[in-house]
Amino acid sequence: MDEEDDRYRGRGRGGSEPRKIGNRFRDGRALQMGRTESAGWKKEVAIEVSDGTNRIADNAKIDAATGDVVETVETKVAKGKLKNTRDLREQLAKDVRLANDKGIRCTWEIAAGKIPKPVAEMLARAARDTGGLFQAVELTREERNSAFQASRTLERSQAREAAQVLAQQLARLKLERDRADPALQKQRERDEAAARQQQRDRGLADAAAIAKEFAEKFLPPPAPQPSPPAPDKGEAQRQELERARLEREAAAARVAEQRREAARAHARLPRDVVHLLALGQDKEIWSSTADPSETVQSRTQAGVEARHREQQRGITRGQQ
Numbered sequence: 008m009d010e011e012d013d014r015y016r017g018r019g020r021g022g023s024e025p026r027k028i029g030n031r032f033r034d035g036r037a038l039q040m041g042r043t044e045s046a047g048w049k050k051e052v053a054i055e056v057s058d059g060t061n062r063i064a065d066n067a068k069i070d071a072a073t074g075d076v077v078e079t080v081e082t083k084v085a086k087g088k089l090k091n092t093r094d095l096r097e098q099l100a101k102d103v104r105l106a107n108d109k110g111i112r113c114t115w116e117i118a119a120g121k122i123p124k125p126v127a128e129m130l131a132r133a134a135r136d137t138g139g140l141f142q143a144v145e146l147t148r149e150e151r152n153s154a155f156q157a158s159r160t161l162e163r164s165q166a167r168e169a170a171q172v173l174a175q176q177l178a179r180l181k182l183e184r185d186r187a188d189p190a191l192q193k194q195r196e197r198d199e200a201a202a203r204q205q206q207r208d209r210g211l212a213d214a215a216a217i218a219k220e221f222a223e224k225f226l227p228p229p230a231p232q233p234s235p236p237a238p239d240k241g242e243a244q245r246q247e248l249e250r251a252r253l254e255r256e257a258a259a260a261r262v263a264e265q266r267r268e269a270a271r272a273h274a275r276l277p278r279d280v281v282h283l284l285a286l287g288q289d290k291e292i293w294s295s296t297a298d299p300s301e302t303v304q305s306r307t308q309a310g311v312e313a314r315h316r317e318q319q320r321g322i323t324r325g326q327q
């Protein structure tokens, strides 16, 4: 790219393309070729030249042990022909000095519709003068388009990373604010607990779905369950008879218990009452036709015996 001009000169819309297009091509090509920071590469590195000026390299590889630049890459992109400008000639001259004075390998990657003959001759002469440390590589249209596609992918990835960094910063600020306010802190804890519960629920649902899918694909279908046996009529009758027998036995036990209770009550009665009951099998005593004028004395043992003697002589109290 040009070092002194903010516009990349080349045939494009309006007769010129913004410098950012050159930067996109540079970044996309670097991504494709593995020229990343993890591999020791940096972009837009200033290198001091023997004449006291600086050469701004699009990409430069730094020796990790010495910190010196050992290789540079310059990217050129144009829709039309590559113009023979003063900037281009100065860049080429500086790269020749870097190659000869410092042993730096310099490569130009050119994606242009056409390289004019004077420019091609200068590039070939620079390669000869540096013993091959300088190289010019002409890229195809497909390589050019692929570099721009890689650049768009890189820009989207960087945008996502920037959004994540911003979200983390906002979350940190919110956390600090919540800690300053106990009510907000409690609400945040409730929100986090609800989010964890939702995550667990989703995990359980996913596990259940996976288990169901596995069972449907790999496990045999369940064996059919046998139908229940038909009811046995004879058995039902036997059960009914058994219930009737148990009910009769329970009724008999209740009657026997009532009789025992009556015997215990009889044993507790006074002797006069027991004797009265013994003679009182006489229906007249307990008849509803008994004379209501009878006093309580007539119901005693002496009164009962006197009336009994009278009855034997054929004399009743009514005939008198």
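Using the working numbering, the first residue of the sequence shown is number 8, and each one after it goes up by one. All residues carry an ideal CB built from backbone N, CA and C; glycine is no exception. Since we're looking at a predicted model, the values are computed, not measured.
Non-local C-beta neighbours of Arg151 in its own chain, meaning closer than 6 angstroms and more than five positions away in sequence, comprise Ala118, ordered along the chain. Counting the other Cβ atoms within 10 Å of the Cβ of Gly138 gives fewer than 16, which makes it exposed. Around Pro125, the same chain offers Asn91 as residues with beta carbons nearer than 8 angstroms, after the five sequence neighbours per side are excluded. Under the 10 Å beta carbon count, Leu253 is surrounded by fewer than 16 other beta carbons and is classified as exposed. Gln142 has Thr114 as its beta-bridge partners, per DSSP.
Using a C-beta cut-off of 8 angstroms, the region 103-113 makes contact with the region 66-85, since at least three inter-stretch Cβ pairs fall below that distance. In the three-state DSSP reduction, Asp65 falls in the strand class (E or B). No residue range can be given for Lys121, since it is assigned to no alpha helix (DSSP H) and is classified by DSSP as neither H nor E. Per DSSP, the unbroken beta strand (DSSP E) holding Val80 starts and ends at 76-84. Among the bridge pairs identified by DSSP, Ala53 is matched with Ile63. As the crow flies, the alpha-carbon of Met129 is around 33 angstroms from that of Ala71. Inter-residue distance for Ser45 and Arg36 is about 16 angstroms (C-alpha atoms, whole angstroms). Setting aside the 5 residues that flank it on each side, Arg184 is surrounded in the same chain by Leu191, each with a C-beta closer than 8 angstroms to its C-beta; the list follows chain order. Using a 10 angstroms sphere on the CB of Val84, the tally of other CB atoms reaches 16 or more, which defines it as buried. Residue pairing of Lys88 in beta bridges, as defined by DSSP: Lys121. Beta-carbon to beta-carbon, Thr160 and Glu116 are separated by about 19 angstroms, too far to satisfy the 8 angstroms threshold. Annotated as proximal: Ile54 and Leu105, with beta-carbon spacing under 8 angstroms. Distance from the CA atom of Ala216 to the CA atom of Gln206, rounded to whole angstroms, is 15 angstroms. Excluding the 5 residues flanking it on each side, Leu38 has same chain C-beta neighbours closer than 7 angstroms at Ala157, Leu161, in chain order. For Gly35, the enclosing alpha helix (DSSP H) starts and ends at 26-40. Under the criterion of beta carbons closer than 8 angstroms, Ala64 and Trp48 do not qualify as touching, at roughly 10 angstroms. Closest in alpha carbon position to Cys113, among Ala100, Pro123, Lys121, is Ala100.
Distance from the CA of Asp213 to the CA of Ala201, rounded to the nearest whole angstrom, comes to 18 angstroms. Our two residues, Ile122 and Ile28, have alpha carbons roughly 19 angstroms apart in a direct line. Looking from the CA of Lys88, the closest CA among Glu249, Ala269, Glu145, Val103 belongs to Glu145. Using a 10 angstroms sphere on the CB of Gln98, the tally of other CB atoms reaches 16 or more, which defines it as buried.
Rounded to whole angstroms, the separation of the alpha carbons of Leu180 and Asp94 is 48 angstroms. Counting along the chain, Arg186 sits inside the alpha helix (DSSP H) bounded by residues 148-187. Annotated as proximal: Gln142 and Ala134, with beta-carbon spacing under 8 angstroms. In terms of CA proximity to Thr60, Asp102 leads the group Asp102, Gly41, Asn30, Arg31.
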